[in-house]
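*Asks:* When the count follows numbering that gives the first Met the number 0, it moves up by one through the sequence shown with no breaks and lands on 316 for the last residue. Have a look at the structure that comes next, please.
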Amino acid sequence: MVLLQDAVRTVGKGFLGSAEILKSDSQTIYERLKLPSSHAYLLVFKEYERVPWAKLELEEDAGSPQEREGPRARQQKLTQAVQHWITVHSIPLLAELDQQNVHRVLNSGARKLVVLVALSGIVAQHAHIDLQKSNPKSVALRDEVKLWAVQWRKSQHARAVDMPIDWVWTSYGLLLPRPSDDPKLSSAIIVVDPHHHRYYDRQENGVTLAFKPTSVFQTLLAIEMHKLSGKLAGTFWSRLAWFMLEPRWIMVWMAVMGLVGYWLKSSHPRRPPGSSSLSPQPAKPFLHASSSDPAPSKPPGFATVFGLNSNVALKAD
Numbered sequence: 000m001v002l003l004q005d006a007v008r009t010v011g012k013g014f015l016g017s018a019e020i021l022k023s024d025s026q027t028i029y030e031r032l033k034l035p036s037s038h039a040y041l042l043v044f045k046e047y048e049r050v051p052w053a054k055l056e057l058e059e060d061a062g063s064p065q066e067r068e069g070p071r072a073r074q075q076k077l078t079q080a081v082q083h084w085i086t087v088h089s090i091p092l093l094a095e096l097d098q099q100n101v102h103r104v105l106n107s108g109a110r111k112l113v114v115l116v117a118l119s120g121i122v123a124q125h126a127h128i129d130l131q132k133s134n135p136k137s138v139a140l141r142d143e144v145k146l147w148a149v150q151w152r153k154s155q156h157a158r159a160v161d162m163p164i165d166w167v168w169t170s171y172g173l174l175l176p177r178p179s180d181d182p183k184l185s186s187a188i189i190v191v192d193p194h195h196h197r198y199y200d201r202q203e204n205g206v207t208l209a210f211k212p213t214s215v216f217q218t219l220l221a222i223e224m225h226k227l228s229g230k231l232a233g234t235f236w237s238r239l240a241w242f243m244l245e246p247r248w249i250m251v252w253m254a255v256m257g258l259v260g261y262w263l264k265s266s267h268p269r270r271p272p273g274s275s276s277l278s279p280q281p282a283k284p285f286l287h288a289s290s291s292d293p294a295p296s297k298p299p300g301f302a303t304v305f306g307l308n309s310n311v312a313l314k315a316d
């Protein structure tokens, strides 16, 4: 149990207060949540919800005598597991997407979905909403989406499904329809799969995602049941880079580079001492080509928003 407490304490320091971690051994908590008191748990509560948003049973598995590790290795493994779990589940109920949490939401490598709501009419200031400058209807719509997040999580609990879903909103950086008094007509909502670099802006029947709980829930359920393939995010080159840099390809590229190095070494044997492989004068065709070729042009830039290509079409229903 000491290793578990040290692992949680170490992880908590790394979040710098963005996720508050409390410790308790009260039997009342075990009884109220109907948990066996013989185990330790990590519980996530979001915004005054009485039911835990997520739960992780902690156990110090020593393994078999042949696989038993030292205290330091076990401590490191526990710390990594706890850190990954807290990173996935510690996003607020409906967080504003900004530079501080964009990595945790979209680039953490975790297998999860992100419901991204682009709201017009909201003026954010110092991590808070300026209610005087914001459209009251936009603020009310944001609060409504927060209720959808709670309803969907309750549905997951009822179906014993544990697919992590982050609900986030942003008020800038995305191409939105022309502003209007009704935020539903000038805002957009999509579902993002960061791990597979895909996004979903339509329901299973092809209708554009709308600001209705049934529209969002049916889309999430279709994704959960693998009935929607979605659309690829980013440019062709970025998708190619994502594919090539996947962990399963790292060993392949290492083997290829090793073979190339061996071929270069065997096809170009070392020259005896005193000989030179450089000619006294550079070749004229090379000089002519290097002086006449135009300067390389810069590749076209693509504006990106939190890792998503800005040419992603976002339309309101």
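Backbone N, C-alpha and C fix where the C-beta goes; we use that ideal spot for every residue, glycine too. For clarity, every value in this text was computed on a predicted model and none was experimentally measured.
(1) Give me the Cβ distance between W168 and R141, rounded to the nearest whole Å; I'm assuming they're in contact under 8 Å.
(2) Could you tell me the boundaries of the beta strand (DSSP E) in which L57 lies?
(3) So, for L42: in the same chain, excluding its five sequence neighbours on each side, which residues have a beta-carbon less than 7 Å away from its beta-carbon?
(4) Look up Q124 in the DSSP assignment and give the residues it is bridged to.
(5) Does R140 come out as helix, strand or coil in the three-state DSSP assignment?
(6) Are there three or more Cβ pairs, one per stretch, closer than 8 Å when the region 140-154 is compared with the region 215-235?
(7) Work out the CA separation of G260 and S266 for me, nearest whole Å.
(8) So, helix, strand or coil for V113, using DSSP?
(9) At the level of alpha carbons, what is the spacing between S37 and R31?
(10) Under the rule that 16 or more other beta-carbon atoms within 10 Å means buried, what is V104, buried or exposed?
(11) Considering only residues of the same chain and omitting the five flanking positions on each side of D371, which have a CB-CB separation below 8 Å?
(12) Which word fits K211, buried or exposed, when buried means at least 16 other C-beta atoms lie within 10 angstroms of its C-beta?
(13) Please state the DSSP three-state secondary structure of I90.
(14) Give me the residue from T78, G257, I164 with the minimum Cα distance to R8.
(15) Considering only DSSP beta bridges, list what I189 is partnered with.
(16) With a 10 Å radius around its C-beta and 16 neighbouring C-beta atoms as the bar for buried, classify Y47 as buried or exposed.
(17) Looking at K153: is its Cβ nearer than 9 Å to the Cβ of P91?
(18) E95 to G257, Cα distance in whole Å?
(19) Pick from E19, L227, K230, V116: whose alpha carbon is nearest that of S186?
(20) Count the other CB atoms, across all protein chains shown, that sit within 10 Å of the CB of S228; report buried if there are 16 or more and exposed otherwise.
(21) On the premise that L57 lies in contact with Y29, defined as a C-beta separation below 8 Å, what is that separation, rounded to the nearest angstrom?
(22) Roughly how many angstroms lie between the CA atoms of D165 and H225, to the nearest whole one?
(23) Taking the beta carbon of W69 as the centre, do at least 16 other beta carbons fall within 10 Å, making it buried, or is it exposed?
(24) So is N100 buried or exposed if we call it buried at 16+ other beta carbons inside 10 Å?
(25) Bridge partners of L231, per DSSP?
(26) Exposed or buried, A232, counting other C-beta atoms within 10 Å across all chains shown (16 or more means buried)?
(27) Per the DSSP calculation, T207 is bridged to which residue(s)?
(28) Assuming K132 and V122 make a contact with CB atoms under 8 Å, what is their CB distance in whole Å?
(29) Relative to the C-alpha of V114, which candidate in D5, E223, D192 has its C-alpha closest?
(30) Drop a sphere of 10 angstroms on the beta-carbon of K183, count the other beta-carbons inside from all chains shown, and report buried for 16 or more, exposed for fewer.
(31) Starting from I164, trace the beta strand (DSSP E) both ways and give me its first and last residue.
*Replies:* Taking the definition as stated:
(1) What you label residue 168 is simply residue 169 of the sequence shown in a count that begins at 1. What you label residue 141 is simply residue 142 of the sequence shown in a count that begins at 1. The Cβ separation is near 6 Å, so the contact holds.
(2) For the purposes of this step, residue 57 is taken as residue 58 along the sequence shown, with counting starting at 1. Start and end: 53-57.
(3) Residue 42 sits at position 43 when you count from the first residue of the sequence shown. Result list for L42: P51, K54, in chain order.
(4) As a working note, residue 124 is residue 125 in the sequence shown. Its beta-bridge partners are H127.
(5) Locating residue 140 in the sequence shown gives position 141, where the first residue counts as 1. The amino acid occupying residue 140 in the given sequence is Leu; Arg does not appear at that position. It is helical.
(6) yes
(7) Sequence index remark: in the sequence shown, residue 266 carries index 267 (1-based). Sequence index remark: in the sequence shown, residue 260 carries index 261 (1-based). The alpha-carbon atoms of S266 and G260 are separated by roughly 10 Å.
(8) Start at 1 with the first residue of the sequence shown, and residue 113 comes out as number 114. V113: strand per DSSP, three-state reduction.
(9) Within the sequence shown, numbered from 1, the residue matching residue 37 stands at position 38. Within the sequence shown, numbered from 1, the residue matching residue 31 stands at position 32. Looking at the two C-alpha atoms, the distance is approximately 15 Å.
(10) The count along the sequence shown starts at 1 and reaches residue 104 at position 105. Classification for V104: buried.
(11) Since the displayed the chain opens at 0 and closes at 316, residue 371 lies outside it and no answer follows.
(12) Here the question's residue 211 lines up with position 212 in the sequence shown. Exposed, by the Cβ-count rule.
(13) Along the sequence shown, read from residue 1 onward, the residue named residue 90 stands at position 91. Correct three-state label for I90: coil.
(14) Here the question's residue 8 lines up with position 9 in the sequence shown. When each option's Cα is compared against that of R8, the closest is T78.
(15) If you number the sequence shown from 1, residue 189 lands on position 190. In DSSP, I189 forms a bridge with L115.
(16) Taking the first residue of the sequence shown as 1, we reach residue 47 at position 48. With fewer than 16 Cβ atoms within 10 Å of its Cβ, Y47 is classed as exposed.
(17) Along the sequence shown, read from residue 1 onward, the residue named residue 153 stands at position 154. Along the sequence shown, read from residue 1 onward, the residue named residue 91 stands at position 92. Not in contact: K153 and P91 (Cβ atoms no closer than 9 Å).
(18) Here residue 95 refers to the residue found at position 96 when the sequence shown is read from its first residue. Here residue 257 refers to the residue found at position 258 when the sequence shown is read from its first residue. So the two alpha carbons sit approximately 46 Å from each other.
(19) Against the sequence shown, residue 186 aligns to sequence position 187. Nearest option by C-alpha distance: V116.
(20) What you label residue 228 is simply residue 229 of the sequence shown in a count that begins at 1. The residue in question, S228, is exposed, as its Cβ has fewer than 16 Cβ neighbours within 10 Å.
(21) The residue you call residue 29 lines up with position 30 of the sequence shown. The residue you call residue 57 lines up with position 58 of the sequence shown. Not confirmed; about 14 Å, so no contact.
(22) Here residue 165 is taken as the residue at index 166 of the sequence shown, counted from 1. Here residue 225 is taken as the residue at index 226 of the sequence shown, counted from 1. About 19 Å.
(23) For the purposes of this step, residue 69 is identified with residue 70 of the sequence shown, where counting begins at 1. Looking at the sequence shown, residue 69 is not Trp but Gly. G69 comes out exposed.
(24) Within the sequence shown, numbered from 1, the residue matching residue 100 stands at position 101. Label assigned to N100: buried.
(25) As a position in the sequence shown, residue 231 is number 232, starting the count at 1. According to DSSP, which records beta bridges pairwise, L231 is partnered with R197.
(26) Residue mapping note: residue 232 aligns to position 233 of the sequence shown, counting from 1. Flag for A232 reads buried.
(27) Counting from 1 along the sequence shown, the entry for residue 207 is found at position 208. Paired residues: R201.
(28) Stepping through the sequence shown from its first residue, residue 132 is reached at position 133. Stepping through the sequence shown from its first residue, residue 122 is reached at position 123. The pair is a contact, with the Cβ atoms about 4 Å apart (cut-off 8 Å).
(29) Start at 1 with the first residue of the sequence shown, and residue 114 comes out as number 115. Among D5, E223, D192, the Cα nearest to that of V114 belongs to D192.
(30) Reading the sequence shown from its first residue, position 184 is the one you call residue 183. So K183 ends up on the buried side.
(31) For the purposes of this step, residue 164 is taken as residue 165 along the sequence shown, with counting starting at 1. 164-169 is the extent of the beta strand (DSSP E) around I164.
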